[in-house]
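Student: First, the structure itself, so that you have it in front of you.
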Amino acid sequence: MRLSQFHLNTVKEVPADAEIVSHQLMLRAGMLRKLAAGIYTWTPLGLRVLRKVEAIVREEMNRAGAIELLMPSIQPRELWEETGRWQKFGGQLLKIRDRKDQEYCYGPTHEEVITDFARNELKSYRQLPINFFQIQTKFRDEIRPRFGVMRAREFLMKDAYSFHLTPECLAREYQNMYDAYTRIFTRLGLRFRAVQADTGAIGGSASHEFSVLADSGEDAIAFSSASGYAANVEMAEALAPGARAAPAEALQRVATPTQKTCAEVAALLGVDLARTVKSIALVSESGFVLALLRGDHLLNEIKLAKLPGLAEFRLANEAEIVEHLGSEPGFIGPREPRKAITLVADRSVAAMADFVIGANAVGYHLRGVNWGRDLPEPDHVADIRNVQAGDAAADGSGALQIARGIEVGHVFQLGQKYAAAMGAQVLDAQGKAQTPFMGCYGIGVSRIVAAAIEQNHDAAGIRWPRAMAPWQVAICVINPKSVAAVDQAAAALYAELQGCGIEVVLDDRGLRSGAMFADIELIGIPQRVVISERGLATGQLEYRRRDAADSEMLNKEQLMTRIR
Ligand code: ATP
Ligand code: MG
Ligand code: MG
Ligand code: MG
Numbered sequence: 001m002r003l004s005q006f007h008l009n010t011v012k013e014v015p016a017d018a019e020i021v022s023h024q025l026m027l028r029a030g031m032l033r034k035l036a037a038g039i040y041t042w043t044p045l046g047l048r049v050l051r052k053v054e055a056i057v058r059e060e061m062n063r064a065g066a067i068e069l070l071m072p073s074i075q076p077r078e079l080w081e082e083t084g085r086w087q088k089f090g091g092q093l094l095k096i097r098d099r100k101d102q103e104y105c106y107g108p109t110h111e112e113v114i115t116d117f118a119r120n121e122l123k124s125y126r127q128l129p130i131n132f133f134q135i136q137t138k139f140r141d142e143i144r145p146r147f148g149v150m151r152a153r154e155f156l157m158k159d160a161y162s163f164h165l166t167p168e169c170l171a172r173e174y175q176n177m178y179d180a181y182t183r184i185f186t187r188l189g190l191r192f193r194a195v196q197a198d199t200g201a202i203g204g205s206a207s208h209e210f211s212v213l214a215d216s217g218e219d220a221i222a223f224s225s226a227s228g229y230a231a232n233v234e235m236a237e238a239l240a241p242g243a244r245a246a247p248a249e250a251l252q253r254v255a256t257p258t259q260k261t262c263a264e265v266a267a268l269l270g271v272d273l274a275r276t277v278k279s280i281a282l283v284s285e286s287g288f289v290l291a292l293l294r295g296d297h298l299l300n301e302i303k304l305a306k307l308p309g310l311a312e313f314r315l316a317n318e319a320e321i322v323e324h325l326g327s328e329p330g331f332i333g334p335r336e337p338r339k340a341i342t343l344v345a346d347r348s349v350a351a352m353a354d355f356v357i358g359a360n361a362v363g364y365h366l367r368g369v370n371w372g373r374d375l376p377e378p379d380h381v382a383d384i385r386n387v388q389a390g391d392a393a394a395d396g397s398g399a400l401q402i403a404r405g406i407e408v409g410h411v412f413q414l415g416q417k418y419a420a421a422m423g424a425q426v427l428d429a430q431g432k433a434q435t436p437f438m439g440c441y442g443i444g445v446s447r448i449v450a451a452a453i454e455q456n457h458d459a460a461g462i463r464w465p466r467a468m469a470p471w472q473v474a475i476c477v478i479n480p481k482s483v484a485a486v487d488q489a490a491a492a493l494y495a496e497l498q499g500c501g502i503e504v505v506l507d508d509r510g511l512r513s514g515a516m517f518a519d520i521e522l523i524g525i526p527q528r529v530v531i532s533e534r535g536l537a538t539g540q541l542e543y544r545r546r547d548a549a550d551s552e553m554l555n556k557e558q559l560m561t562r563i564r
């Protein structure tokens with residue numbers, strides 16, 4: 001590519017709402033442009049990187065034996081009614097009406113569509129096991145879209161769904177996908193961990209998240225270097241010895257709504273208020289529900305800046321919460337039984353309602369608080385946090401370390417939940433109808449681009465891992481228009497590198513060298529060759545790796561062996 005014929009548009013200023021470095025650099029490098037909250041255009045430069053990630057994901061999914069298809073992003077309400085998720089999915093589901101007043105959603109995920117496909121297509125055990133995948137745009141109406149494509153509303157996901165006759169077969173495919181994910185993130189050049197995750201509201205029996213390690217990550221993960229044990233903090237807390245729960249008698253169905261002070265409710269629950277955020281609904285003065293119970297879908301995206309004081313929030317009633325969620329809130333809880341308590345706070349007043357969930361599973365109300373993100377880091381940390389660095393790992397292998405991470409992938413054994421709800425069945429070898437077991441496997445393709453930058457940048461800009469770089473080599477031409485020999489040498493080197501199959505970009509825009517080098521560093525090209533009149537005079541080319549402190553003067557042969 002000749003940059004003079006490309007559309008590269010780097011910028012100096014970044015909007016104040018770009019809080020983390022990847023978002024800032026993607027805007028400065030001109031990879032992204034914002035159209036609306038959480039909705040972005042990928043510029044030609046950004047798209048080159050996105051496609052690299054996509055290609056590696058696709059290659060490894062194919063290698064692992066998954067089969068690509070493409071499902072619609074617009075999905076009819078009726079399908080989602082079959083699984084109950086039209087109501088239960090909550091505010092992230094973008095609902096749409098057509099001219100005939102038929103209702104649809106823009107797919108945030110595709111369990112319903114694939115299960116519908118499967119019940120029509122898969123009739124016999126001979127067709128199993130099978131794993132279908134797609135790479136497709138999703139929409140989730142995130143409460144707080146932020147960090148650019150890291151937490152967008154419209155984003156690109158690879159999602160795969162497998163079908164099996166037995167749970168053992170599902171477990172094998174789960175491992176196969178786990179291994180494929182490990183290859184994908186390794187090839188992408190990312191530092192990551194696979195961590196045990198809670199199966200939470202979706203249900204199912206096993207789940208791992210793949211987390212790219214980065215201080216800006218929204219998730220906390222606990223791991224033991226001694227054994228390789230790793231879990232997200234929610235899971236580590238669930239497994240931790242001594243996780244405490246509210247006494248069962250405090251969680252019986254109570255009349256609606258009973259007004260009590262926060263202190264009274266806390267006393268009744270036998271817990272510290274700060275520990276019970278999972279079972280609290282908070283509503284701001286404007287009526288916006290700030291936090292509700294189960295973290296995954298709501299709490300995670302919210303900063304409860306005011307806890308444990310709660311003074312800024314007012315009472316929410318059930319109707320408001322239902323309206324906000326578009327559904328009964330009972331689904332949010334991860335486990336049965338769900339009869340429990342919702343706390344809604346208002347200047348030290350709390351209401352106890354007879355719906356919702358939460359703290360009635362052992363340890364549950366202690367779990368999932370992401371300190372520093374969901375709540376301000378308390379100064380009495382030891383008092384509040386259930387799992388912290390230095391605690392014994394659940395597998396007894398030694399002391400836990402805590403790191404922050406970005407969830408870039410998620411594998412899940414769903415079991416029979418969707419197939420059963422939607423009546424998907426296959427005949428086994430005896431001719432008997434069986435409900436298949438399902439797994440689902442997601443990768444945040446667009447989020448990976450941002451996550452990679454969080455891990456790979458310096459003061460000058462992005463430092464792409466090789467596999468993600470938009471080009472491997474930039475040829476920077478000093479005064480291309482005025483010195484014919486320079487122009488010719490650059491064109492010859494450009495053609496030669498292209499001939500060797502190396503992705504090369506020729507910066508023939510005629511910028512001053514300072515501005516040109518700054519752009520090339522900002523957009524993160526791993527290798528740079530400078531062609532100048534002075535260098536040509538001595539038969540030397542200036543070569544520099546993006547991560548090297550200095551450049552080297554090389555002759556042509558040396559250069560060709562150095563470039564990769
Ligand atoms: P998160 O916990 O970050 O909200 P999730 O658990 O809701 O993610 P999954 O349903 O597991 O997401 O979807 C699979 C993958 O899609 C995630 O691992 C993540 O990489 C990506 N993803 C999810 N939500 C977003 C988003 N809003 N923007 C970009 N990528 C996302
Ligand atoms: Mg998650
Ligand atoms: Mg989410
Ligand atoms: Mg997930």
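Each residue of the sequence shown is one higher than the one before, starting from 1 at the first, in the numbering used here. By construction, the Cβ of each residue, glycine as well, lies at the ideal position given by its N, Cα and C atoms.
Leu93: buried (16+ other C-beta within 10 angstroms of its C-beta) or exposed?
Tutor: Along the sequence shown, one-based indexing puts residue 93 at 93. Flag for Leu93 reads buried.
Student: Let me make sure I understand the geometry here. Which of Ala460, Ser532 and Ala537 has the alpha-carbon closest to that of Ala548?
Tutor: In the sequence shown, the residue the question calls residue 548 occupies position 548. Closest by alpha carbon: Ala460.
Student: What does the alpha-carbon distance come out to for the pair Ala171 and Leu414?
Tutor: Here residue 171 refers to the residue found at position 171 when the sequence shown is read from its first residue. Here residue 414 refers to the residue found at position 414 when the sequence shown is read from its first residue. Cα-Cα distance, rounded: 11 Å.
Student: Where does Thr561 land, buried or exposed, given buried means 16+ other C-beta within 10 angstroms?
Tutor: Taking the sequence shown and counting its residues from 1, the one referred to as residue 561 is at position 561. By the neighbour-count rule (16 or more Cβ atoms within 10 Å), Thr561 is not buried but exposed.
Student: Does DSSP put Arg191 in a helix, in a strand, or in coil?
Tutor: Locating residue 191 in the sequence shown gives position 191, where the first residue counts as 1. It is coil, neither helix nor strand.
Student: In terms of alpha-carbon separation, which member of Val529, His208, Cys500 and Leu522 lies closest to Asp508?
Tutor: Residue 508 sits at position 508 when you count from the first residue of the sequence shown. It is Val529 whose Cα lies nearest to the Cα of Asp508.
Student: Would you list the residues sitting across from Ala222 in a DSSP beta bridge?
Tutor: For the purposes of this step, residue 222 is identified with residue 222 of the sequence shown, where counting begins at 1. DSSP output for Ala222 lists Ala231 and Ile402 as bridge partner(s).
Student: Secondary structure at Leu50, three-state DSSP: helix, strand or coil?
Tutor: On the sequence shown, residue 50 is found 50 positions in, with the first residue counted as 1. Three-state result, Leu50: helix.
Student: Are three or more beta carbon pairs between the segment 119-134 and the segment 152-169 nearer than 8 Å?
Tutor: Because the criterion of three Cβ pairs below 8 Å is met, the segment 119-134 and the segment 152-169 touch.
Student: Relative to ligand 1, is the shortest distance from any of its heavy atoms to the C-beta of Ala485 smaller than 6 Å?
Tutor: Within the sequence shown, numbered from 1, the residue matching residue 485 stands at position 485. Incorrect: Ala485 has no Cβ contact closer than 6 Å to ligand 1.
Student: Compute the beta-carbon to beta-carbon distance between Met26 and Gly46, rounded to the nearest angstrom, for a pair I have assumed lies under 8 Å.
Tutor: By 1-based counting over the sequence shown, the position of residue 26 is 26. By 1-based counting over the sequence shown, the position of residue 46 is 46. That belief holds up - the Cβ atoms of Met26 and Gly46 are roughly 7 Å apart, short of 8 Å.
Student: Only counting the same chain, and skipping five residues up and downstream in sequence, which positions put a Cβ closer than 6 Å to that of Ser513?
Tutor: If you number the sequence shown from 1, residue 513 lands on position 513. Ile478.
Student: Where does His7 fall in DSSP's three states?
Tutor: Residue 7 sits at position 7 when you count from the first residue of the sequence shown. Coil, per DSSP.
Student: How should Val14 be labelled, buried or exposed, when 16 other C-beta atoms within 10 angstroms of its C-beta is the threshold for buried?
Tutor: Locating residue 14 in the sequence shown gives position 14, counting from the first residue. By the neighbour-count rule (16 or more Cβ atoms within 10 Å), Val14 is not buried but exposed.
Student: To the nearest angstrom, report how far apart Leu8 and Gly30 are at their CA atoms.
Tutor: In the sequence shown, residue 8 corresponds to position 8, counting from 1. In the sequence shown, residue 30 corresponds to position 30, counting from 1. Taking the straight line from one Cα to the other gives about 7 Å.
Student: When DSSP builds the beta bridges, which residues end up paired with Arg544?
Tutor: Within the sequence shown, the letter at position 544 stands for residue 544. Arg544 pairs with Arg528.
Student: In three-state DSSP terms, what is Thr43?
Tutor: What you label residue 43 is simply residue 43 of the sequence shown in a count that begins at 1. Correct three-state label for Thr43: coil.
Student: Is any heavy atom of ligand 1 found at a distance shorter than 6 Å from the C-beta of His457?
Tutor: Along the sequence shown, one-based indexing puts residue 457 at 457. Checking every heavy atom of ligand 1 against the Cβ of His457, none is found closer than 6 Å.
Student: Going by DSSP in three states, Gly565 sits in which element: helix, strand or coil?
Tutor: Nothing can be reported for residue 565: it is not among the residues displayed for the chain, which extend from 1 to 564.
Student: Please classify Glu285 as buried or exposed, where buried requires at least 16 other C-beta atoms within 10 Å of its C-beta.
Tutor: As a working mapping, residue 285 is identified with position 285 in the sequence shown. With a pLDDT of only 33 at Glu285, under the threshold of 50, the placement of this residue in the model should not be trusted, and no figure is reported.
Student: Considering Cα atoms alone, identify which of Ile20, Pro44 and Glu54 is closest to Asp215.
Tutor: Numbered from 1 along the sequence shown, position 215 holds the residue referred to as residue 215. When only C-alpha atoms are compared, the closest one is Ile20.
Student: Using beta-carbon positions only, say whether Arg193 and Ala222 come within less than 7 Å of one another.
Tutor: Taking the first residue of the sequence shown as 1, we reach residue 193 at position 193. Taking the first residue of the sequence shown as 1, we reach residue 222 at position 222. Cβ distance not < 7 Å, so Arg193 and Ala222 don't count as in contact.
Student: Give the straight-line distance between the Cα atoms of Ile443 and Gly390, rounded to the nearest whole angstrom.
Tutor: Residue mapping note: residue 443 aligns to position 443 of the sequence shown, counting from 1. Residue mapping note: residue 390 aligns to position 390 of the sequence shown, counting from 1. Cα to Cα, the separation comes out at about 31 Å.
Student: I'd like the span of the alpha helix (DSSP H) that includes Lys123, first residue to last.
Tutor: Start at 1 with the first residue of the sequence shown, and residue 123 comes out as number 123. Element bounds for Lys123: n/a, residue is neither H nor E.
Student: Helix or strand or just coil, what does DSSP make of Met516?
Tutor: For the purposes of this step, residue 516 is identified with residue 516 of the sequence shown, where counting begins at 1. Helix, per DSSP.
Student: I want to check one thing, is the minimum distance from the CB of Glu60 to the heavy atoms of ligand 1 below 6 Å?
Tutor: Counted from its first residue, the sequence shown places residue 60 at position 60. No, ligand 1 has no heavy atom inside 6 Å of this Cβ.
Student: Would you check if there are 3 or more beta carbon pairs closer than 8 Å linking the segment 79-97 to the segment 40-58?
Tutor: The segment 79-97 is not in contact with the segment 40-58.
Student: Buried or exposed: which applies to Arg63, given that a residue is buried once 16 or more other Cβ atoms fall within 10 Å of its Cβ?
Tutor: As a position in the sequence shown, residue 63 is number 63, starting the count at 1. Exposed.
Student: Is Glu407 a contact residue of ligand 2, with contact defined as CB to any heavy atom under 6 Å?
Tutor: As a working mapping, residue 407 is identified with position 407 in the sequence shown. Indeed, a heavy atom of ligand 2 lies less than 6 Å from the Cβ.
Student: Once DSSP output is grouped into helix, strand and coil, what is the label at Arg172?
Tutor: Working through the sequence shown from its first residue, we reach residue 172 at position 172. Helix.
Student: Determine, for Ala548, whether the minimum Cβ-Cβ distance to residues of chain C falls below 7 Å.
Tutor: Absent from the structure is chain C; it holds one protein chain and no more.
Student: Please confirm whether Leu69 and Gln134 have their CB atoms less than 7 Å apart.
Tutor: What you label residue 69 is simply residue 69 of the sequence shown in a count that begins at 1. What you label residue 134 is simply residue 134 of the sequence shown in a count that begins at 1. Contact flag set, yes.
Student: Which residue marks the beginning of the alpha helix (DSSP H) containing Ser22, and which one marks its end?
Tutor: Mapped onto the sequence shown, residue 22 falls at position 22. It spans Val21 to Arg28 - the alpha helix (DSSP H) in which Ser22 sits, taken as one unbroken run.
Student: Can you tell me whether DSSP reads Gly535 as helix, strand or coil?
Tutor: Stepping through the sequence shown from its first residue, residue 535 is reached at position 535. In the structure shown, Gly535 sits in a helix (DSSP, three-state: H, G or I).
Student: So what's Gly499 in DSSP terms, helix, strand or just coil?
Tutor: For this step, residue 499 is matched to residue 499 along the sequence shown. Note: Gly499 maps to helix in three-state DSSP.
Student: Are the segment 401-413 and the segment 206-213 touching, with three or more C-beta to C-beta distances below 8 Å?
Tutor: The segment 401-413 vs the segment 206-213: in contact.
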